[in-house]
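Everything on this sheet refers to the single structure shown next.
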Amino acid sequence: MTTSHVPMFAQVNKYFDKAAAHLDLPPGLLAQIKACNSVFRVSFPIKRDDGTIEVITGWRAQHSVHRLPTKGGFRFAPQVDEDEVSALAALMTYKCALVDVPFGGAKGAVRIDPAKYSAGELERITRRFTYELFAKNLLGPGLDVPAPDYGTGPREMAWIMDTYSTLAPGSIDALGCVTGKPVTQGGVRGRAEATGRGVYFALREACSYPDDMTSVGLTPGLQGKRVVVQGLGNVGYHAAKYIQEGGGTIVALAEREGAIHNEAGLDVDAVMAHRASTGSLLKFPGAVEIALSSEALELDCDVLVPAALENVITSDNVDRIKAKIIVEGANGPITADASERLLACGTLIIPDIYANAGGVTVSYFEWVKNLSHMRFGRMEKRFAERSNERILAGVEELTGTKFSIDARDTATAAAGEEELVNSGLEETMVAAYAELRSIQKARGVDLRTAAFINAIGKVAMAYQQRGIFP
Ligand code: NAD
Numbered sequence: 122m123t124t125s126h127v128p129m130f131a132q133v134n135k136y137f138d139k140a141a142a143h144l145d146l147p148p149g150l151l152a153q154i155k156a157c158n159s160v161f162r163v164s165f166p167i168k169r170d171d172g173t174i175e176v177i178t179g180w181r182a183q184h185s186v187h188r189l190p191t192k193g194g195f196r197f198a199p200q201v202d203e204d205e206v207s208a209l210a211a212l213m214t215y216k217c218a219l220v221d222v223p224f225g226g227a228k229g230a231v232r233i234d235p236a237k238y239s240a241g242e243l244e245r246i247t248r249r250f251t252y253e254l255f256a257k258n259l260l261g262p263g264l265d266v267p268a269p270d271y272g273t274g275p276r277e278m279a280w281i282m283d284t285y286s287t288l289a290p291g292s293i294d295a296l297g298c299v300t301g302k303p304v305t306q307g308g309v310r311g312r313a314e315a316t317g318r319g320v321y322f323a324l325r326e327a328c329s330y331p332d333d334m335t336s337v338g339l340t341p342g343l344q345g346k347r348v349v350v351q352g353l354g355n356v357g358y359h360a361a362k363y364i365q366e367g368g369g370t371i372v373a374l375a376e377r378e379g380a381i382h383n384e385a386g387l388d389v390d391a392v393m394a395h396r397a398s399t400g401s402l403l404k405f406p407g408a409v410e411i412a413l414s415s416e417a418l419e420l421d422c423d424v425l426v427p428a429a430l431e432n433v434i435t436s437d438n439v440d441r442i443k444a445k446i447i448v449e450g451a452n453g454p455i456t457a458d459a460s461e462r463l464l465a466c467g468t469l470i471i472p473d474i475y476a477n478a479g480g481v482t483v484s485y486f487e488w489v490k491n492l493s494h495m496r497f498g499r500m501e502k503r504f505a506e507r508s509n510e511r512i513l514a515g516v517e518e519l520t521g522t523k524f525s526i527d528a529r530d531t532a533t534a535a536a537g538e539e540e541l542v543n544s545g546l547e548e549t550m551v552a553a554y555a556e557l558r559s560i561q562k563a564r565g566v567d568l569r570t571a572a573f574i575n576a577i578g579k580v581a582m583a584y585q586q587r588g589i590f591p
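For the sequence shown, the numbering used here assigns the number 122 to the initial residue and increments by one for each residue that follows.
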């Protein structure tokens, strides 16, 4: 990461102001939308494994309560502060509005480097932070629902759910207090992959418009596009994997320890297996090593996917960025000034509030599943398969031709939970891109501004229709 400190909430609000200039909305209403409604900061002690006591600081920001519950990730990160949490909560408000997920925006963080704590210590930190939120009425299926983010995953979400259930005995909807849980603890199939899969859909949609590809000097379609991915965590790994499966060539991968480059393409799963067995992606057979990981961002490529942390493309390195398309897998990876410079050079930026919205979209599905207490597809799967069998039998009778066993199996299969979730995710990402692109063309703006115009318009309508209490 670069060392430039860029206050992130101010960055988000620059994007907001740029988009708001295209909307005919009262300044007071815009101020109401823009403000972060509340930020809770807490310091609490935990006992380390060696018996010493350490005071830990955490935050939960709720940016907008025009829809409830509020929703947003919960991260473990060593440099996080109130500004960052507020900015990320604001992005969640706009992201949810953009993909029609009926939540307000929130974000939570605990300032630690999780690599420096044992699993037991991380569990105590997570449970105590969960208690602090619960005690202030800042956690619950109808109030505020966290999800995985940088440095956290299904394990931490299961601890949050278990702590909440313990504190709220008899709460029948307790599973819906957090999303991104393991599937065996009320999670939904497809959530772990959802953000990265959504990044892939975003890129696939962007590459599908011949005019837009001509503008950046590329041919339509993902096939053969040379792609660099930074960060091989939840978002980066899945994005790289689905982009590769979709026909893209992953020419470089960057992690904390360095980056690897191979113009012929890197097999993502083989690199992951190598990293799991050696502890590093360096020394991957056939790849050239880049010792300074951030230099991978500057490689000659068609598509760059920053999927680690914010502020990785700043005025320090923007002039060396060569990618024609940047898909923001991470939240806020490009500073507002750097973003303007890239746009001026004709780079197509697919903004975070759209590109990584697959995560919250499938979190919404998980929350709905938890409130309905039933797996998607359970009621109708077999019924649909029987109906399909009857239709096939009718076709066979009419034509006098029998289907092969394979053709019969394919035609009669009905969707289970995973297929339904993936279909809902794809529909959401495809529809949202079409909406964004039409605003982009109609207004003559960049995609990020189009995304903010769309989101602000929807949030404004919600605030106007609800009015102000009292
Ligand atoms: P993660 O912790 O699973 O992965 C992050 C990865 O980035 C890790 O592998 C880490 O080692 C790597 N990394 C850290 N510093 C790096 C550096 N200097 N260079 C290269 N790699 C580096 O986190 P995640 O959940 O994948 O989140 C990544 C980003 O995506 C964050 O900005 C997060 O807010 C955003 N996001 C996540 C989700 C989600 O569902 N998890 C949803 C939307 C947005």
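All C-beta atoms in this analysis are idealised placements derived from N, C-alpha and C, irrespective of residue type, glycine included.
Heavy atom of the ligand NAD within 8 Å of residue i beta-carbon
| i | result |
| --- | --- |
| Ala-428 | yes |
| Gly-301 | yes |
| Thr-316 | yes |
| Val-222 | no |
| Thr-570 | no |
| Asn-452 | yes |
| Pro-275 | no |
| Asn-355 | yes |
| Asp-473 | yes |
| Val-231 | no |
| Ala-375 | yes |
| Ser-415 | yes |
| Pro-269 | yes |
| Gly-194 | yes |
| Asn-575 | no |
| Gln-351 | yes |
| Glu-487 | no |
Rounded straight-line distance, which links the Cα of residue j to that of residue i
| i | j | result |
| --- | --- | --- |
| Glu-326 | Val-551 | 7 Å |
| Gly-521 | Glu-506 | 22 Å |
| Ser-164 | Ala-236 | 20 Å |
| Met-122 | Gly-368 | With a pLDDT of only 42 at Met-122, under 50, the local geometry of the prediction cannot be trusted, and the value read off the model is given with reservation. Rounded to the nearest angstrom, the two C-alpha atoms are 29 Å apart. |
| Ala-315 | Glu-431 | 20 Å |
| Val-337 | Ala-563 | 19 Å |
| Val-133 | Lys-362 | 29 Å |
| Ile-154 | Gly-225 | 11 Å |
| Thr-124 | Glu-416 | With a pLDDT of only 41 at Thr-124, under 50, the local geometry of the prediction cannot be trusted, and no value is derived from it. |
| Gly-229 | Trp-180 | 5 Å |
| Leu-150 | Asp-202 | 27 Å |
| Val-489 | Asp-333 | 36 Å |
| Thr-570 | Thr-468 | 14 Å |
| Gly-342 | Tyr-330 | 8 Å |
| Ser-398 | Lys-404 | 12 Å |
DSSP three-state assignment for residue i, whether helix, strand or coil
| i | result |
| --- | --- |
| Leu-254 | helix |
| Val-348 | strand |
| Lys-362 | helix |
| Ser-336 | helix |
| Ile-411 | strand |
| His-395 | helix |
| Ala-140 | helix |
| Arg-162 | strand |
| Glu-314 | helix |
| Ala-417 | helix |
| Pro-427 | strand |
| Ile-371 | strand |
| Val-389 | helix |
| Val-231 | strand |
| Glu-378 | coil |
| Ile-589 | coil |
| Ile-577 | helix |
Exercise for review: Note down, one range per segment and in chain order, each beta strand (DSSP E) of at least 3 residues found wholly within the region 176–224.
Suggested key: 191–197
Practice item. Go through the region 429–500 residue by residue and report every complete run of the beta strand (DSSP E) that reaches 3 residues or more, in order. Key: 446–448 and 469–471
Review point. Are the region 345–358 and the region 421–439 in contact at 8 Å, needing three or more beta carbon pairs?
Key: Short answer: they touch.
Check your understanding: Considering only residues of the region 241–288, which uninterrupted alpha helix (DSSP H) runs meet the minimum length of 4 residues and lie entirely inside it, listed in chain order?
Key -> 275–288
Review point. So does the region 541–551 actually touch the region 514–530, counting three or more Cβ pairs closer than 8 Å?
Key: no
Review point. Three or more beta-carbon pairs under 8 Å between the region 170–179 and the region 235–253, yes or no?
Key: yes
**Study point:** Contact the region 271–286 vs the region 500–518: 3+ CB pairs below 8 Å
**Key:** no
Check your understanding: Would the region 286–296 and the region 212–222 be scored as touching if the rule is three or more Cβ pairs under 8 Å?
Key -> no
Review point. Between the region 452–460 and the region 367–381, do at least 3 Cβ pairs fall closer than 8 Å?
Key: The region 452–460 is not in contact with the region 367–381.
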